[in-house]
Structure formats: structure tokens, C-alpha cells
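Here the numbering used here is used: position 96 in the sequence shown is 169, and no number is missing along the way.
Every residue gets a Cβ at the ideal spot worked out from N, C-alpha and C, and that includes glycine.
Every value quoted in this text rests on a predicted model; they were computed, and no experiment measured them.
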Amino acid sequence: MKNKDTLEGREKAFISEFQDHLQSVNRDLTELERLSNLVGRPSESHPLHNSGLLSLDPVQDKTPLYSQLLQAYKWSNKVRDVNEQSAVFLSLQDRMSYISLFIGSEVKF
Numbered sequence: 074m075k076n077k078d079t080l081e082g083r084e085k086a087f088i089s090e091f092q093d094h095l096q097s098v099n100r101d102l103t104e105l106e107r108l109s110n111l112v113g114r115p116s117e118s119h120p121l122h123n124s125g126l127l128s129l130d131p132v133q134d135k136t137p138l139y140s141q142l143l144q145a146y147k148w149s150n151k152v153r154d155v156n157e158q159s160a161v162f163l164s165l166q167d168r169m170s171y172i173s174l175f176i177g178s179e180v181k182f
């Protein structure tokens, strides 16, 4: 009889604790749903596509990931532009060297 009472007591304690945990999960889920309704729809005009969604991070001050990513994106664009300009100048210089070499060889003959 004593064994049965302790078993029932443990079952009741387990059920009570389990119900408390379920209620806690339910409260947290309700709070999450409420807060998710407050978040606006993300705009589609992010220069970094899906990475732009990082700008919606509510803890931007603690994680400046989006601003660093945007700065790296701008920096890579500048590097690409300088690279294109360098390619044009090197191509022109190569042509000038070829022309001067060609003209120089004609003068020697």
C-alpha cells in the first residue's frame, strides 16, 4: 500500500511539473506570436539580397554584422572599380609600348 501511495505521489508530482512546463511553453509561444505580429514585412530593396535582412536584427548595437557586411560590400565594389580602371590603363600602356616598339623597329631598318 505504501509503495502504491509513493508511486501515485510521484506520478502526481510529475504531472504537475509537466503541466507547469507546458503552460510555460504556451506562454512563451503566445508571447512570440504577439511579438512576431509587431515585426513589419521586410522590404525587398536590400543591396545584399537576403543578407540585408540582418539589418532587421533588434540587437544591432551588440552585433554590427550588417553594417560590417555592407561596408565590405562597398569596399569590394571600390576594389572592382579600381581594378577595371587599372586594366584600362595597363591595356593602353601595353598598346603604347607595342607601338613604340613597332615604330622603333621600323626606324632601325
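Excluding sequence positions up to five away, which residues of its chain have a Cβ less than 7 Å from the Cβ of F182?
Reliability of the predicted coordinates at F182 is poor, the pLDDT of 47 falling under 50, and the value obtained from them is presented with this limitation in mind. The beta carbon of F182 lies closer than 7 Å to none in the same chain, with the five residues before and after it left out.
Alpha carbon of S109 to alpha carbon of S149, nearest angstrom:
Approximately 35 Å, taken between the alpha carbons.
Measure the C-alpha to C-alpha separation of L102 and S89 and round it to an integer number of angstroms.
Those two C-alpha atoms are separated by around 20 Å.
Taking the C-alpha atoms as reference points, what is the distance between Y171 and S140?
Going by the C-alpha atoms only, they are around 46 Å apart.
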